[in-house]
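*Asks:*
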Amino acid sequence: MTSDVLLRRSVALLAAAGLALSAAACSSGTSSGGDAGKAGSADAAAPLDPAAKVTVSIDCQPPVSKPAERKQWADDVAAFNKLYPNVTVASKDGFPCEEPAAFTAQLKGRTQTDVFYSYFTDLNQVLDANGAADISAYVNEKTVPALKDIDPSVLATLKADGKLYGLPTSNYKMGLLYNRKLFKQAGLDPEKPPTTWAEIREAAKKIAALGNGVNGYGDYSATNQGGWHYTAELYGLGGSMTTADGKKAAFNTAEGKQVLQNLYDLRWTDNAMGATQGLKWPDLMTRMATDKLGMYVGAPDDITYMVQTLKGNYDDYGMGPMPGGKSALLGGNDYIFKKGSTPDQIKAGIAWINFKYLTIGKGQFDYARTKGDGLPVGLPQPFFFTGAGLAADNRAKAASATVPVQNYAPYLAASVPGKTEPANAQQIYKVLDNAVSAVLTDRGANVDKLLADAESQVNQVLANLQ
Amino acid sequence: MRTLISDTQLNRPGGRRAYRIVLVLVVLVFTLVFLGPLYWLVTGGLKSTREVIQNPPTLFPHQLHPATYREAWSQLRIGRLLFNTLYYAFGALALQLVFDVAAAYALSKLRPVLGNLILGMMLATLMIPAAVLIVPQYLTVLDLPLLHVNLVNTPWAIWLPTVANAFNIFLLKRFFDSIPEELMAAAAIDGASPLRALWSIVLPMSRPILGVVSIFAVVNVWKDFLWPLLVQPDPRNQPLNIGINSLSLGVSQNVVIAALAIASAPTVVFFLIFQRNIMAGLTSGGLKG
Amino acid sequence: MAAIRTSTRQRVRQNLTAHGFLLGALLCFGYFSWYPMVREVVMSFQKTKRGRTTWVGLDNLDRIVQDPAFWQAWRNTLLFTVLALLLGFAVPFVVAVLLNELRHAKAYLRVLVYLPVMMPPVASVLLFKYFYDPGHGLFNHLLAGLGLPTLAWLNSSTTAMFSVVLAATWMTMGGATLIYLAALQNIPGELYEAAELDGAGLLRRIWHVTVPQTRLILSLLLLLQIVATMQVFVEPFLLTGGNGPEGSTTTVVYLIYQYAFNFDNYGSASALGLVMLLVLAGFSGLYVRLSRSAD
Numbered sequence: 001m002t003s004d005v006l007l008r009r010s011v012a013l014l015a016a017a018g019l020a021l022s023a024a025a026c027s028s029g030t031s032s033g034g035d036a037g038k039a040g041s042a043d044a045a046a047p048l049d050p051a052a053k054v055t056v057s058i059d060c061q062p063p064v065s066k067p068a069e070r071k072q073w074a075d076d077v078a079a080f081n082k083l084y085p086n087v088t089v090a091s092k093d094g095f096p097c098e099e100p101a102a103f104t105a106q107l108k109g110r111t112q113t114d115v116f117y118s119y120f121t122d123l124n125q126v127l128d129a130n131g132a133a134d135i136s137a138y139v140n141e142k143t144v145p146a147l148k149d150i151d152p153s154v155l156a157t158l159k160a161d162g163k164l165y166g167l168p169t170s171n172y173k174m175g176l177l178y179n180r181k182l183f184k185q186a187g188l189d190p191e192k193p194p195t196t197w198a199e200i201r202e203a204a205k206k207i208a209a210l211g212n213g214v215n216g217y218g219d220y221s222a223t224n225q226g227g228w229h230y231t232a233e234l235y236g237l238g239g240s241m242t243t244a245d246g247k248k249a250a251f252n253t254a255e256g257k258q259v260l261q262n263l264y265d266l267r268w269t270d271n272a273m274g275a276t277q278g279l280k281w282p283d284l285m286t287r288m289a290t291d292k293l294g295m296y297v298g299a300p301d302d303i304t305y306m307v308q309t310l311k312g313n314y315d316d317y318g319m320g321p322m323p324g325g326k327s328a329l330l331g332g333n334d335y336i337f338k339k340g341s342t343p344d345q346i347k348a349g350i351a352w353i354n355f356k357y358l359t360i361g362k363g364q365f366d367y368a369r370t371k372g373d374g375l376p377v378g379l380p381q382p383f384f385f386t387g388a389g390l391a392a393d394n395r396a397k398a399a400s401a402t403v404p405v406q407n408y409a410p411y412l413a414a415s416v417p418g419k420t421e422p423a424n425a426q427q428i429y430k431v432l433d434n435a436v437s438a439v440l441t442d443r444g445a446n447v448d449k450l451l452a453d454a455e456s457q458v459n460q461v462l463a464n465l466q
Numbered sequence: 001m002r003t004l005i006s007d008t009q010l011n012r013p014g015g016r017r018a019y020r021i022v023l024v025l026v027v028l029v030f031t032l033v034f035l036g037p038l039y040w041l042v043t044g045g046l047k048s049t050r051e052v053i054q055n056p057p058t059l060f061p062h063q064l065h066p067a068t069y070r071e072a073w074s075q076l077r078i079g080r081l082l083f084n085t086l087y088y089a090f091g092a093l094a095l096q097l098v099f100d101v102a103a104a105y106a107l108s109k110l111r112p113v114l115g116n117l118i119l120g121m122m123l124a125t126l127m128i129p130a131a132v133l134i135v136p137q138y139l140t141v142l143d144l145p146l147l148h149v150n151l152v153n154t155p156w157a158i159w160l161p162t163v164a165n166a167f168n169i170f171l172l173k174r175f176f177d178s179i180p181e182e183l184m185a186a187a188a189i190d191g192a193s194p195l196r197a198l199w200s201i202v203l204p205m206s207r208p209i210l211g212v213v214s215i216f217a218v219v220n221v222w223k224d225f226l227w228p229l230l231v232q233p234d235p236r237n238q239p240l241n242i243g244i245n246s247l248s249l250g251v252s253q254n255v256v257i258a259a260l261a262i263a264s265a266p267t268v269v270f271f272l273i274f275q276r277n278i279m280a281g282l283t284s285g286g287l288k289g
Numbered sequence: 001m002a003a004i005r006t007s008t009r010q011r012v013r014q015n016l017t018a019h020g021f022l023l024g025a026l027l028c029f030g031y032f033s034w035y036p037m038v039r040e041v042v043m044s045f046q047k048t049k050r051g052r053t054t055w056v057g058l059d060n061l062d063r064i065v066q067d068p069a070f071w072q073a074w075r076n077t078l079l080f081t082v083l084a085l086l087l088g089f090a091v092p093f094v095v096a097v098l099l100n101e102l103r104h105a106k107a108y109l110r111v112l113v114y115l116p117v118m119m120p121p122v123a124s125v126l127l128f129k130y131f132y133d134p135g136h137g138l139f140n141h142l143l144a145g146l147g148l149p150t151l152a153w154l155n156s157s158t159t160a161m162f163s164v165v166l167a168a169t170w171m172t173m174g175g176a177t178l179i180y181l182a183a184l185q186n187i188p189g190e191l192y193e194a195a196e197l198d199g200a201g202l203l204r205r206i207w208h209v210t211v212p213q214t215r216l217i218l219s220l221l222l223l224l225q226i227v228a229t230m231q232v233f234v235e236p237f238l239l240t241g242g243n244g245p246e247g248s249t250t251t252v253v254y255l256i257y258q259y260a261f262n263f264d265n266y267g268s269a270s271a272l273g274l275v276m277l278l279v280l281a282g283f284s285g286l287y288v289r290l291s292r293s294a295d
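Chains as they are written, first to last, in full-length UniProt numbering: chain L, 1 to 466; chain F, 1 to 289; chain C, 1 to 295.
1) Within 9 Å (strictly less), CB to CB, does F:L272 reach chain C?
2) Whole angstroms is fine: what's the gap from L:G238's alpha carbon to L:A250's?
3) Looking at chain F, which residues of the region 98-110 of chain C have a Cβ within less than 7 Å of any of its Cβ atoms?
4) Among the candidates C:R11, C:S163, C:G57, whose CA atom is the shortest distance from the CA of F:P112?
5) Using a Cβ-Cβ cut-off of less than 8 Å, give me the residues of the region 276-288 of chain L that come near chain C, in sequence order.
6) Report yes if the C-beta distance between L:T235 and L:G294 is below 9 Å; otherwise report no.
7) Give the straight-line distance between the Cα atoms of L:L83 and L:Q106, rounded to the nearest whole angstrom.
8) By the criterion of Cβ-Cβ separation under 8 Å, what are the contact partners of F:V152 in chain L?
9) Less than 7 Å between C-beta atoms, sequence neighbours within five positions excluded: which residues of the same chain meet that for C:S268?
10) Provide the residue(s) that pair with L:N179 in DSSP beta bridges, ordered along the chain.
11) Please name the residue, chosen from C:L142, C:L22, C:S219, C:Q72, that lies closest to C:R292 on a Cα-to-Cα basis.
12) If you run the structure through DSSP and keep just helix, strand and coil, what is C:R13?
13) Flag this pair as yes or no: are the beta carbons of residue 293 of chain F and C:I256 separated by less than 9 Å?
14) Quick one: using the 10 Å Cβ neighbour count with 16 as the cut-off for buried, is L:T243 buried or exposed?
15) Work out the CA separation of F:V42 and L:V307 for me, nearest whole Å.
16) Based on the DSSP output, what are the partners of L:Q61 in its beta bridges?
17) By the three-class DSSP mapping on this structure, what secondary structure does C:Q46 have?
18) What residues from the region 307-326 of chain L come within 7 Å of chain F, judged by C-beta to C-beta, listed N to C?
19) What does the alpha-carbon distance come out to for the pair C:V252 and F:Q137?
20) Taking beta-carbon pairs under 9 Å, can you tell me which members of the region 46-76 of chain L lie near chain F?
21) With DSSP as the reference, label C:M119 as helix, strand or coil.
22) So is C:H208 in contact with chain B if we call contact Cβ pairs under 9 Å?
23) Among the residues of its own chain, which have a CB less than 6 Å from the CB of L:Q381, if the five just before and after it don't count?
24) List the residues that DSSP assigns as beta-bridge partners of residue 475 of chain L.
25) Runs of 3 residues minimum, wholly inside the region 409-453 of chain L: which ones carry the beta strand (DSSP E) assignment?
26) Flag L:A90 as yes if its beta-carbon sits less than 9 Å from any beta-carbon of chain F, otherwise no.
27) Residue ranges of each alpha helix (DSSP H) run of no fewer than 4 residues wholly in the region 47-93 of chain F, ordered along the chain?
28) Return the bridge partner residues of L:I150 from the DSSP annotation.
29) Please report whether the beta-carbon of F:D7 lies at a distance below 9 Å from any beta-carbon of chain L.
30) For L:F103, would you say it is in contact with chain C, using Cβ-to-Cβ distances shorter than 9 Å as the test?
31) Please go through the same chain and pick out, in chain order, the residues whose beta-carbon is closer than 7 Å to the beta-carbon of L:K205, but skip the five residues on each side of it.
32) What does C:L87 touch in chain F if you count any residue whose Cβ is under 8 Å from its own?
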């Protein structure tokens, strides 16, 4: 009897505790809302007082497998502490910096660092988890001197309802990567990469004619990357994935069909993509690094991967603008400030990010040091400065360049405007994966039907999210 | 011992030849299927980056690059990852041996009120996909109800949930059930406490099943992926599976292969040394039909 | 009266001791299994937007059913389970029967079969990922060397699931093989002799002696294997990135993971988890009833 009652009571207690806990979790979100704003609009705009004693935790310290970058981080922390001796930067390493499961878990558990790494596309998720502090009042020309030179379309990815939640650290615009060696072998001019899909088809045919398993053009079609590249290619032609309010699909258009038709023609009419499809990151890089692939759509840091990890040569890879040239998919990463951080923590975080990522000549823009550490200098990434900042950055970069900067001249010269990914990108990409995969694996694929199906599915997915 | 095919049948001339052919074939195929990948792993780690990703693949490394192993060891911090994995595995084993044996003993021999209901509730958890509970479980570990302790980044986050292993409790209970009641009754008449009876009667008889449960306990931790990914965010505390997989994205493929070879070595060697005991435990243990 | 009272007290004391022994396990089950289960159910009726959690009733359930991936995931899970049972159930059984008949090299072969179980899964999975690569992978090279047509393995929607099952079977068949071996060794030899005297051939002996004699352990393993295979996660997650070409390896558990961790939609993840829970519970209940009526 006793044990029976005991058990029943403990079960009840457990259940009650559970309810209380989840109730507490609900309410804590609303109660902690005000403190960032309360911290005073009067002094929020002022830079961090060097006398202020504050500890701020920051993730994405480079891992041990990247010793040079790790050492740079340590040196930068030491240099930063000369300016702000009372700030303790508590570094947390981890690779990759953002892993979806761990990222979601830390947001749910509010265990993210005070200043935490994220992708441009994550802001919505972070806000839904009530995980970000509004830093609009803290960021100005005094705290971030380069602010006026930062591309507004990049800052826009970190804003919601007019409030700023983070600062960018790197970004990329997609373009056309190509293998200069294969271009030469196929009798193409490596200084003039194709800029339209018609030119790509011409070049791809010639490269594929080299034989020996060489493909002219390649594209991803799995793990949502097919949808991601579909989006990039649609942007190049001037299309959009969703309507402006993000509630309806907007890709079932002439441009949208053109993207699928291009892939279909490259695969079946020109036979320039090879029989192996269903590719995903990093398959295209592996193929290009082994001189089996002529062209694909990608980001500048793919070149770093091909050289550092796949042991290719910088000389062999060139980059041109996004085919179509109307707009280029823009992505990147940033640091967001955890909700509930003290004003001094936010200021210290901004000071650190400004020092490490946003000051020309310092931190990541200390090109002389990067060169000295044997890391590449001269790639068009990050790419968020405009105006005077861009000019200064380009000069500094050219002075220490270790990679053939002229190989990216066609990409830089075109300066295609950046366009950010749609809201709820991953859900949309997942649907488009199927359409892309179908045109690449099914000779009888019906582009119109595929796109109509994808449209209705995306509309369904978006409706479900309302 | 008599099996499906009798010795007399095998000793016939035709039988003997057929047996020879089957034997040779089985040995060859098994060696290829189970040792082949290991060979590829060890030699792959000796190849250069370009050779590993070249097409067609090579059977022997063109040039030996033993330095890849050193690079893998230091860049992926394998020593640390291995230590973590063993630490988690044996900690989990110790806790399971204490708590699961005690629970199975209570359910089998002490038969408390509601014992069957408790057993049923435990067995019910076998039906729940681990991935389904992963977020509520994570939230629980972040802030244990009533105690308000955060276990993330501590080994307890891995150890304690492994105790809730219904399969092990079930195996142990089934084995304990087969220990004659008269022995227990005799011990009780002699005035032995339940703990003493467990220690001096039940446990000595249960060595085979304890071996089996131990292997399962260690292997479970050894194999787990999603849970340690969430509860050990600090790379210094991560087990092998997580550490290697996440770092593998940023280093060359030959280095990853070398890392995998190093990571596989300890358990494979351990297994080869103790295979007789492990096999005996697994095959004779309480898993009889 | 006195006798009854002492026995009551004794029983209370016995019970307290027993629950004392149970306490550690009960706490762990409570904290890490039962309580999260309750929480999971609660969350499947909730939705969180901008930090606000609201009750939405059956909305989550309604939405997951409308997701085109829902039925595909169930079809894939079913396909995976059937394939995994064909391979993961039949192969170890055949191997066990074979090993049990061999008079030589038995220890060696047993060690070989169990070797992959001892490897860290990340090693086995990445190994297969490299083997499957349609470009520089070993498997296509072997097929081409044998004059056979090459396959796209993980890169094609038709072969991706099969490739995942193949890798999973290699990784885990050692455990099942050993269990079957143990069961086979417990079959009394006289049964085979008797069958032989009755003129039963090899296959009939397997069917009439081996299978019935190992039925109990076979069925227990079958149940566990079905439940385990329906929960498969790591292999598709690491091999195909989860979805696979055209969603061909999206399993229900991966879909749950995706809702929770990629789509930031924990309500849908919980609701789908609940559906899966009910399906597995229903299946297990049916199984228990069937096996009882068979006894």
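All C-beta atoms, glycine included, are put in the ideal place defined by N, C-alpha and C.
*Replies:* Short version:
1) Closer than 9 Å to some Cβ of chain C, the Cβ of F:L272 qualifies, so yes.
2) Distance between the alpha carbons of L:G238 and L:A250 is about 12 Å.
3) So the list reads L98, N100, E101, L102, H104, A105, L109, R110, given in the order they occur along the chain.
4) Taking only the C-alpha atoms, the option nearest F:P112 is C:R11.
5) Those residues of the region 276-288 of chain L that come within reach of chain C (Cβ to Cβ, closer than 8 Å) are T276, Q277, G278, L279, K280, D283, T286, R287.
6) The sequence given here has Tyr at residue 235 of chain L, not Thr. For the 9 Å CB-CB criterion, L:Y235 and L:G294 do not form a contact.
7) In a straight line, the C-alpha of L:L83 is about 31 Å away from that of L:Q106.
8) The contacting residues are G109, T111.
9) Answer for C:S268: N60, R63, I64, Y259, listed in chain order.
10) The beta-bridge partner set that DSSP reports for L:N179 consists of L:Y317.
11) If we check each option's Cα against that of C:R292, C:S219 comes out closest.
12) Collapsing the DSSP output to three states places C:R13 in a helix.
13) Lying before the first or after the last residue shown, residue 293 of chain F is absent from chain F, which here runs from 1 to 289.
14) In the assembly as shown, L:T243 is an exposed residue. Its beta-carbon has fewer than 16 other beta-carbons within 10 Å.
15) The alpha-carbon atoms of L:V307 and F:V42 are separated by roughly 25 Å.
16) In DSSP, L:Q61 forms a bridge with L:D93.
17) Strand, per DSSP.
18) If the cut-off is 7 Å between Cβ atoms, the region 307-326 of chain L has T309, L310, K311 near chain F.
19) Near 19 Å, if we compare the C-alpha coordinates of F:Q137 and C:V252.
20) Residues passing the 9 Å Cβ filter: D59, P63, V64, S65, K66, P67.
21) DSSP places C:M119 in coil when its eight states are reduced to three.
22) As a matter of chain content, chain B is missing from the structure shown, whose protein chains are L, F and C.
23) Counting only Cβ-Cβ distances below 6 Å, and skipping sequence neighbours, we find Y172, P300, D301.
24) It is not possible to answer for residue 475 of chain L, since the shown part of chain L is limited to 1 through 466.
25) The qualifying runs are 418-420.
26) Interface annotation, L:A90: not in contact with chain F, CB-CB separation never under 9 Å.
27) Runs found: 49-53, 67-75.
28) Partner(s): L:F385.
29) For F:D7, the closest Cβ of chain L is not nearer than 9 Å.
30) Judged by the 9 Å Cβ criterion, L:F103 is in contact with chain C.
31) Apart from the 5 residues on each side of it in sequence, L:K205 sits with its Cβ closer than 7 Å to the Cβ of G216, D270, A272 in its chain, given in chain order.
32) The premise fails here: C:L87 is roughly 13 Å from chain F at the closest Cβ pair, so nothing lies under 8 Å.
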